[in-house]
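> Letter 175 of the sequence shown, counting from 1, is numbered 174 in numbering that gives the first Met the number 0, and no numbers are missing. Here a beta-carbon is modelled for each residue, glycine too, at the ideal position from N, C-alpha and C. Keep in mind that this is a model prediction, so the values were computed, not measured.
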Amino acid sequence: MKKIVLTGLVLCSGLLVQAQSIDKLITINKVTEIEKVLAADDMQGRRAFTPGIDKASAYIESQFKKIGLQTFDGAKDYKQEFAMTESKRKSLEVTIDGKVIDAGSMLSFSYQPQVSFTENSPIAVVNIRAGDAFGPKFYEYYQGDKNLLVLVDNSFKKAIQNMLHMPLMAATPGKNTVVFVFGPAEATHFSIEATNTITTQKLNNVVGVLKGKSKPNEYV
């Protein structure tokens with residue numbers, strides 16, 4: 000037991016010395032300055048696909064260069080680029096057994112510019128019934144890779160507002176379409192027509208490498 004306590008005390012002392020050293024290198028004023036820059040209105044919340052995220056990236060790169068961080072794996076700069084695809088719903092029309100579904104009772108998730116399904120198409124009809132655990136069921140269907148018409152009991156209709164605010168953005172967008180309709184419990188004959196605006200843009204991480212001093216073969 001004494002050995003464990005001693006080890007704990009030594010570890011705490013080491014952390015205290017390390018914390019004191021970090022305080023000398025990273026000041027509150029500097030951290031506050033960086034936070035203010037990144038939180039400024041012109042950064043637009045650093046949201047994807049806005050000029051603000053490019054400004055934030057450029058600022059972070061300039062700070063990395065200023066303090067002398069190396070680029071990753073000998074890259075020409077600190078940027079690590081990747082593509083992101085965004086889908087925005089444009090239109091959705093659904094008819095089930097002769098009834099036109101109200102716009103406020105349906106929504107779709109798709110990265111396809113145009114969608115057209117009937118009961119004869121490669122699409123399955125599934126349900127989220129009253130009493131089901133809505134969250135797990137929703138994500139099971141939402142995260143799947145099959146075309147689905149999901150018929151949801153009206154007891155869950157208040158969830159539709161949260162679903163509408165879910166961003167459709169992915170590095171590897173799926174090819175399937177999932178349509179949620181609130182109200183009907185069955186769909187013998189149906190038609191689904193939808194259009195979406197698809198945009199693919201490049202984003203980037205900002206990666207800097209700090210080489211170890213006491214252990215030069217180790218990096219952060």
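(1) When the Cα atoms are used, what is the spatial distance from Lys89 to Lys29?
(2) How big is the Cα-Cα spacing for Leu202 and Ala55?
(3) Going by the CB atoms, is the gap between Leu209 and Val221 shorter than 8 Å?
(4) Within the continuous alpha helix (DSSP H) that includes Asn161, where are the two ends?
(5) Please list the terminal residues of the continuous beta strand (DSSP E) segment that includes Ser61.
(6) So the alpha helix (DSSP H) Asn28 belongs to, where does it begin and stop?
(7) My guess is that Asn146 and Asn175 are in contact by the Cβ rule of under 8 Å, so how many angstroms apart are they, rounded?
(8) Is DSSP giving Lys89 helix, strand or coil here?
(9) Could you name the residues of the same chain whose beta carbon sits closer than 6 Å to that of Gln113, not counting the 5 residues immediately before and after it, in chain order?
(10) Could you round the C-beta distance between Phe108 and Leu167 to whole angstroms and report it? I think they count as a contact, below 8 Å.
(11) Would you list, in sequence order, the uninterrupted alpha helix (DSSP H) runs of no fewer than 4 residues that lie entirely inside the stretch 92–168?
(12) Short of 8 Å in beta carbon distance, which residues of its chain neighbour Ala170, apart from the five on each side in sequence? Order them along the chain.
(13) What did DSSP end up calling Gly207 once you bin it into helix, strand or coil?
(14) Could you spell out the range, first to last residue, of the beta strand (DSSP E) harbouring Phe181?
(15) Can you pull the DSSP bridge partners for Gln200?
(16) Report the rounded CA-to-CA distance for Leu91 versus Ile159, giving the unit in angstroms.
(17) Could you tell me how far apart the beta carbons of Ile95 and Ala186 are, in whole angstroms, since I believe they sit closer than 8 Å?
(18) Between the Cα of Ile100 and the Cα atoms of Asn204, Gly207, Glu139 and Gly182, which residue gives the shortest distance?
(19) Could you pull the DSSP bridge partners for Lys78 from this structure?
(20) From the DSSP output, which residues share a beta bridge with Ala193?
(21) Excluding five sequence neighbours on each side, which residues of the same chain lie with their C-beta closer than 7 Å to the C-beta of Arg128?
So, from the data block:
(1) 45 Å
(2) 12 Å
(3) The first residue shown for the chain is 0 and the last is 219, placing residue 221 beyond what the model contains.
(4) Ile159 to Leu163
(5) It is not in any beta strand (DSSP E) - Ser61 instead sits in the alpha helix (DSSP H) that spans Pro50 to Lys65.
(6) Ile27 to Leu37
(7) 5 Å
(8) strand
(9) Thr194
(10) 6 Å
(11) 133–141 and 159–163
(12) Phe81, Ala82, Met83 and Thr84
(13) strand
(14) Thr176 to Phe181
(15) Met83
(16) 15 Å
(17) 5 Å
(18) Gly182
(19) Val205
(20) Leu91 and Val114
(21) Asp152
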